[in-house]
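A.B. asks:
What follows is the structure in structure tokens.
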């Protein structure tokens, strides 16, 4: 079988904010994620390894709403969710509402491979993660970007005036 | 939201999705990304990762619906994904997109928004990245 890979960085594209500089930087990070995931497949690695590697690269980019660069909650926090599924076995793992895990997809994978469960949430998920080698924990400030903070302030201001979000529906997926 | 789907040299499929959720969310709101069958699903025939207005993707069980259409309905992957993203989700009032791949290495990336940050390596090894629909 010839390996194949596809990735996405979200469908909340706001055309008016897409300057040539941002577009070039976003595309470079997409290529980096493609290279990371496809490199695994070219080396004979598994589909699970490939999707995990690609998503880690996207989580580490500040351009996308996951990992570093995640959007803020109303309380000014970053709450992260992730999941992964192996189609050949139908094993699956997911986590929700974690705030200190650098790469949530790796914790979701650990849930899939190292626990009898499918989904863990919040503090319990993080406690499980601390028992797993290779799960990096960071200060919550690691996830902060000025762009996302500004988007939160704008959303709260609009909300206080009972106006629709300046981002329109894009706010729903960050 | 970010995600990936892959078919490896042994014909195995996988999918993964990760997100920060929605700006200004409260009360521990969780969308579709960590919900198996909504934002992420994979079996022996199909793998899907979604991005969109999560509440609607959960209600429509988007990722599983696409794979079920392929498995039970014998639909082509592109037809199944297009139907769910361009018809089912808008009819409910939601929007967004998916990336999907099947066991033959067919790739489809439909979305009903202005754009979706996306990239893929096809069966011939060709690499592509794109943002806007046009």
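Residue numbers (this note's numbering), protein chains in the order written: chain A, 818 to 991; chain B, 99 to 232.
For each residue, glycine too, the CB sits at the ideal point set by N, CA and C.
Small disclaimer: the values here were computed from a predicted structure and weren't measured.
1) Counting Cβ pairs, one atom from each stretch, are 3 or more of them under 8 Å apart for the region 866 to 882 of chain A and the region 818 to 834 of chain A?
2) Provide the residue span of the alpha helix (DSSP H) that contains residue 878 of chain A, from first to last.
3) Name the one or two DSSP bridge partners that residue 960 of chain A has.
4) Pull up the distance between the alpha-carbon of residue 125 of chain B and that of residue 118 of chain B, whole angstroms please.
5) Here's the rule I'm using: 16 or more other beta-carbon atoms within 10 Å means buried, otherwise exposed. How should residue 964 of chain A be labelled?
6) Quick one: Cα of residue 838 of chain A to Cα of residue 172 of chain B, how far?
7) What would DSSP say about residue 161 of chain B, mapped onto helix, strand or coil?
8) How is residue 758 of chain A classed by DSSP in three states: helix, strand or coil?
9) Around the C-beta of residue 966 of chain A, are 16 or more other C-beta atoms found within 10 angstroms, so that it is buried, or is it exposed?
10) What three-state label does DSSP hand residue 155 of chain B in the structure shown?
11) State the Cα-Cα distance for the pair residue 110 of chain B and residue 867 of chain A, rounded to the nearest angstrom.
12) Do residue 101 of chain B and residue 150 of chain B count as a contact pair if the criterion is CB distance below 7 Å?
13) State the DSSP-derived secondary structure class of residue 125 of chain B, mapped to helix, strand or coil.
14) What's the gap between the Cα of residue 925 of chain A and the Cα of residue 181 of chain B?
15) For residue 226 of chain B, list the residues DSSP reports as bridge partners.
16) Under three-state DSSP, which class holds residue 909 of chain A?
17) Between the region 212 to 231 of chain B and chain D, which residues of the former have a C-beta closer than 8 Å to a C-beta of the latter?
18) Closest to residue 971 of chain A by C-alpha separation, out of B:121, B:114, B:187 and B:104, would be which residue?
19) Does any C-beta atom of chain B lie closer than 7 Å to the C-beta of residue 858 of chain A?
20) Would you call the region 914 to 922 of chain A in contact with the region 951 to 962 of chain A, where contact means no fewer than 3 C-beta pairs closer than 8 Å?
21) Pull up the distance between the alpha-carbon of residue 160 of chain B and that of residue 887 of chain A, whole angstroms please.
C.D. replies: A quick look at the data gives this:
1) Here the region 866 to 882 of chain A makes contact with the region 818 to 834 of chain A; the two share three or more CB pairs at distances below 8 Å.
2) Annotation for residue 878 of chain A: no alpha helix (DSSP H) segment contains it, and DSSP assigns it neither H nor E.
3) None, per the DSSP bridge assignment.
4) Separation of residue 125 of chain B and residue 118 of chain B (C-alpha to C-alpha, rounded to the nearest whole angstrom) is 14 Å.
5) Using a 10 angstroms sphere on the CB of residue 964 of chain A, the tally of other CB atoms stays under 16, which defines it as exposed.
6) Roughly 43 Å between the two C-alpha positions.
7) Residue 161 of chain B falls in the helix class under three-state DSSP.
8) For chain A, the structure presents residues 818 to 991; residue 758 of chain A sits outside this window and is missing.
9) Classification for residue 966 of chain A: exposed.
10) When DSSP states are grouped into helix, strand and coil, residue 155 of chain B belongs to the helix group.
11) Those two C-alpha atoms are separated by around 11 Å.
12) In this structure, residue 150 of chain B sits away from residue 101 of chain B, with a CB-CB distance that is not shorter than 7 Å.
13) It is coil, neither helix nor strand.
14) One C-alpha to the other measures close to 29 Å.
15) B:218.
16) In the structure shown, residue 909 of chain A sits in a strand (DSSP, three-state: E or B).
17) The chain labelled as chain D is not found among the protein chains of the depicted structure, namely A and B.
18) For the set B:121, B:114, B:187 and B:104, the Cα lying nearest the Cα of residue 971 of chain A is the one of B:121.
19) Contact of residue 858 of chain A with chain B is assigned, a C-beta pair being separated by under 7 Å.
20) A contact exists between the region 914 to 922 of chain A and the region 951 to 962 of chain A.
21) A straight-line Cα-Cα distance of about 23 Å links residue 160 of chain B and residue 887 of chain A.
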